[in-house]
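Peer 1:
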Amino acid sequence: MAADRTSERKLDHVRICLNRDVQARQVSAGFGDVALVHRALSDIDLGRIDISCKLLGREASSPLVISSMTGGTEKAETINRTLAEVAEEMAVPISVGSMRAAIEESGLERTFKVVRECCSKAMVIANIGAVQLVSHGPSYGARAVEMIEADALAVHLNKLQEGVMVGGDTAFNGVSKAIAKLVEALDVPVIAKETGAGVSSEDARLLKSLGVKCIDVAGAGGTSFAGVEYFRAAERGSSMGQKISLDFWDWGIPTVASLAEVRSSVDLEVICSGGVRGGVDAAKALALGATCVGVALPLLRKAQAGPEAVRDWIRLFNEELKLSMFLSGASNLEEMRRCPVVVTGAVRDWLLSRGFDVDSYSRRKGA
Numbered sequence: 043m044a045a046d047r048t049s050e051r052k053l054d055h056v057r058i059c060l061n062r063d064v065q066a067r068q069v070s071a072g073f074g075d076v077a078l079v080h081r082a083l084s085d086i087d088l089g090r091i092d093i094s095c096k097l098l099g100r101e102a103s104s105p106l107v108i109s110s111m112t113g114g115t116e117k118a119e120t121i122n123r124t125l126a127e128v129a130e131e132m133a134v135p136i137s138v139g140s141m142r143a144a145i146e147e148s149g150l151e152r153t154f155k156v157v158r159e160c161c162s163k164a165m166v167i168a169n170i171g172a173v174q175l176v177s178h179g180p181s182y183g184a185r186a187v188e189m190i191e192a193d194a195l196a197v198h199l200n201k202l203q204e205g206v207m208v209g210g211d212t213a214f215n216g217v218s219k220a221i222a223k224l225v226e227a228l229d230v231p232v233i234a235k236e237t238g239a240g241v242s243s244e245d246a247r248l249l250k251s252l253g254v255k256c257i258d259v260a261g262a263g264g265t266s267f268a269g270v271e272y273f274r275a276a277e278r279g280s281s282m283g284q285k286i287s288l289d290f291w292d293w294g295i296p297t298v299a300s301l302a303e304v305r306s307s308v309d310l311e312v313i314c315s316g317g318v319r320g321g322v323d324a325a326k327a328l329a330l331g332a333t334c335v336g337v338a339l340p341l342l343r344k345a346q347a348g349p350e351a352v353r354d355w356i357r358l359f360n361e362e363l364k365l366s367m368f369l370s371g372a373s374n375l376e377e378m379r380r381c382p383v384v385v386t387g388a389v390r391d392w393l394l395s396r397g398f399d400v401d402s403y404s405r406r407k408g409a
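The numbering of the sequence shown is this note's numbering, which starts it at 43 and goes up by one.
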């Protein structure tokens, strides 16, 4: 049964992410190539720095989205409950994992509905695959939004994962038209979300023309879903699947390069995810124009230890972000987005070769 296969695959993904090293290997997200300019003199009190933000009109206490990677299994229900409880308590947005399994099998809806049950105020983001829109139409997305009373819908663009997956769904012809129809049909904003390979400036402009309101770049340098599929192929004895997944393990646009490409090309809101591992990374992303950042794998793993471990991680994230802003001369996120940054190394090389004005970041005058 299709629903059973989907649920089994989701369980595989969670298990492998929790127990295997699925991080990018040869490629970096690029945060090490970005340096914030230290400001020794600035009339700012660390204790008064404001990190509150807005995402698609919804207020949040911090520029952090809990990018959940799961749903559709009983284990996922426990994880989603833990993450949702913390999201509500700490007033940060939360996105669920792919809802395909629950749309195909109503008995799995509870594994996602638990998020809205826990979140009466926190922003909740539904999640479906772009390729499923091609065959099922806008009603597929509407069903996902309705299921959890979502405030927005993320449409994940996972060509890489589907391409390396044994038996993956690669019928992407017509996906742009399907997204445009979805945008017209829904009353909530649509977020276009990559899944670890990044978004180019060309695709950012196309996505804007389709009507999406936000782009989650989800670049290379964090969790590699080709890596996840490598381990799945190994467990199934597929030597060809292993070889293909291994060769494409680090495929994609590094996160920081993708963020710069998107922000230089469109005026949409942007979530920066893919290898964000703390508040310093977040500060750099904000300085490069991100609306907020998304974090998945670190919080997925912390959720195994319970809600307090998740709270502690977010508290540390917030403190690191505040200190980074304090040292950069920014008292709020808008000021942080005007702070000068120096881009070096592989990210600089990438952006220069793609025709972007890298030095404009370092010439900023600051807040």
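Beta carbons: idealized from backbone N, C-alpha and C, even for Gly. Small disclaimer: the values here were computed from a predicted structure and weren't measured.
What are the residues that DSSP puts in a beta bridge with Val383?
Peer 2: DSSP, once it has assigned bridges, lists Leu78 as partnering Val383.
Peer 1: Would you mind giving the Cβ-Cβ distance between Leu78 and Ser300, rounded to the nearest angstrom? I have them listed as a contact below 8 Å.
Peer 2: Their Cβ separation, rounded to whole angstroms, is 19 Å, which puts Leu78 and Ser300 out of contact at 8 Å.
Peer 1: Over what stretch of residues does the alpha helix (DSSP H) that includes Ile121 continue unbroken?
Peer 2: Looking at the DSSP string, the run of the alpha helix (DSSP H) that includes Ile121 is 116-132.
Peer 1: Does the distance from the CB of Ser70 to the CB of Gly269 come in under 7 Å?
Peer 2: No, these two residues do not count as a Cβ contact at 7 Å.
Peer 1: Looking at Arg62: is its Cβ nearer than 7 Å to the Cβ of Phe273?
Peer 2: For Arg62 and Phe273, yes; Cβs fall inside 7 Å.
Peer 1: Helix or strand or just coil, what does DSSP make of Lys235?
Peer 2: Three-state result, Lys235: strand.
Peer 1: Can you name, in chain order, every residue of its own chain whose Cβ lies under 6 Å from the Cβ of Gly216, other than the five neighbours on each side?
Peer 2: Cβ neighbours of Gly216 beyond the five flanking positions: Val176.
Peer 1: May I ask you to list the residues that DSSP assigns as paired with Lys250?
Peer 2: Note: Lys250 sits in no beta bridge, so no partner.
Peer 1: Are at least three pairs of beta-carbons, each pair with one atom in the region 81-94 and one in the region 178-191, less than 8 Å apart?
Peer 2: No, they do not touch.
Peer 1: Considering only residues of the same chain and omitting the five flanking positions on each side of Asn200, which have a CB-CB separation below 6 Å?
Peer 2: Excluding sequence neighbours, Asn200 sits near Thr237.
Peer 1: From Asp292 to Gly317, what distance separates their C-alpha atoms?
Peer 2: Each residue's Cα considered, the two are about 12 Å apart.
Peer 1: Suppose contacts are defined by Cβ-Cβ distances below 7 Å. Is Ala133 in contact with Ser103 by that definition?
Peer 2: Yes, the Cβ-Cβ distance between Ala133 and Ser103 is below 7 Å.
Peer 1: For the beta strand (DSSP E) containing Ser84, list its first residue and its last residue.
Peer 2: Neither: Ser84 is in no beta strand (DSSP E) and is coded neither H nor E.
Peer 1: Excluding the 5 residues flanking Glu271 on each side, which residues of the same chain have their C-beta closer than 6 Å to its C-beta?
Peer 2: Within the same chain, Glu271 has close Cβ partners Val206, Met207, Ser287.
Peer 1: May I have the straight-line CA-CA distance separating Arg319 from Leu224, to the nearest angstrom?
Peer 2: Spanning the two alpha carbons is a distance of roughly 32 Å.
Peer 1: Could you give the first and the last residue of the continuous beta strand (DSSP E) run that contains Asn169?
Peer 2: Unbroken beta strand (DSSP E) run through Asn169: 166-171.
Peer 1: If you check the beta carbons only, do Ser242 and Glu204 fall under 7 Å apart?
Peer 2: No, the Cβ-Cβ distance between Ser242 and Glu204 is not below 7 Å.
Peer 1: With 7 Å as the threshold, decide whether the Cβ of Gly216 is near any Cβ in chain B.
Peer 2: Within the model displayed, chain B is absent; a lone protein chain is all it includes.
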